[in-house]
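In this note's numbering, the protein residues as written are 489 to 794.
From the three backbone atoms N, C-alpha and C, an ideal C-beta is built for every residue, glycine too.
Notes follow the structure.
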């Protein structure tokens, strides 16, 4: 059984099910063993640039090539997979299903395409089971899902006993500002907060800065998609330069954070439950403990430049 995974979340699902893919994407880096597998995906943007630069590069790539990504067709042919895992959530975040289907047809590969499409925890559980069923790991998938559900239930139980229900804004892009959707409203609710800027399963959407100011969240997290903690913290200076930043309740009360969007917030694999547990610490540190500094950093009142 030979599996190629074209996105980090699917790669993590494979390893959770006890299967090592023979090929991965350029961003697959967890668990560490995934880094040793050959990549079949190339990106046309610089992942180390800031939000504004990456946004411009994405627009150029879409206008010029119709996609942010390019598949290594020769490597894919060489790997000759039985299954290829891709996604239908976001064309900018990973290779989309249509491009992969066209490539399978062009190369005449005898491979089954499995598309993950996670917008909620229920979708995550369902996709884990779908992949497990397809690759002969149905019982393992059931055990993994049961464990994830138990952890979620424990967070929900403890959060329900907390006196405070803070309002929260999670931003998964900073220039332009975008409010995290999909699974994020659900996670915030489970962690004992409210999420006024998006509903469960909404797409992540651009948001005018004035909307953030009007919402005035008790807690704000900057978690740009694909950015690790250090890069997210650096990019958060874009927020500090916006009018009214220091007047936001989250900033004034020292509850503005940078979070690891690459490994946690924006990666819809099994570690979405890790994200939930970290969010519970951010929202209720007295009850859940301080958040892990490897994934969350307090922005400590960055000084506006204007």
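According to DSSP, residue pairing for residue 491 in a beta bridge involves 571. The DSSP assignment places complete beta strand (DSSP E) segments of no fewer than 3 residues inside the stretch 713 to 777 at 744 to 747, in order along the chain.
The beta carbon of residue 516 sits closer than 6 angstroms to those of 496, 499 and 522, all from its chain and outside the five residues before and after it, given in chain order. Cβ-Cβ distances below 8 angstroms link residue 605 to 575, 576, 577, 611 and 615 in the same chain, with the five nearest sequence neighbours on each side left out; the list follows chain order. Annotated three-state conformation of residue 602 is strand, per DSSP.
Under the three-state reduction of DSSP output, residue 661 falls in the strand class. The beta carbons of residue 746 and residue 781 sit no closer together than 8 angstroms. Judged by DSSP secondary structure, residue 587 falls within the alpha helix (DSSP H) whose first and last residues are 585 to 595. A residue is called buried when at least 16 other Cβ atoms come within 10 angstroms of its Cβ; residue 754 meets this threshold and is buried.
Judged by their CB atoms, residue 706 and residue 737 are nearer to each other than the 8 angstroms cut-off. Residue environment: residue 724 is assigned as buried (16 or more neighbouring CB atoms within 10 Å of its CB, all protein chains considered).
For the pair residue 588 and residue 572, the CB atoms are nearer than the 8 angstroms cut-off. Under the three-state reduction of DSSP output, residue 519 falls in the coil class, being neither helix nor strand. CA-CA distance, residue 531 to residue 556, rounds to 6 angstroms. In the DSSP annotation of this structure, residue 633 is not part of any beta strand (DSSP E); the continuous alpha helix (DSSP H) holding it starts and ends at 626 to 648. Secondary structure of residue 531 (DSSP, three-state): strand. DSSP links residue 708 through a beta bridge to 657 and 744.
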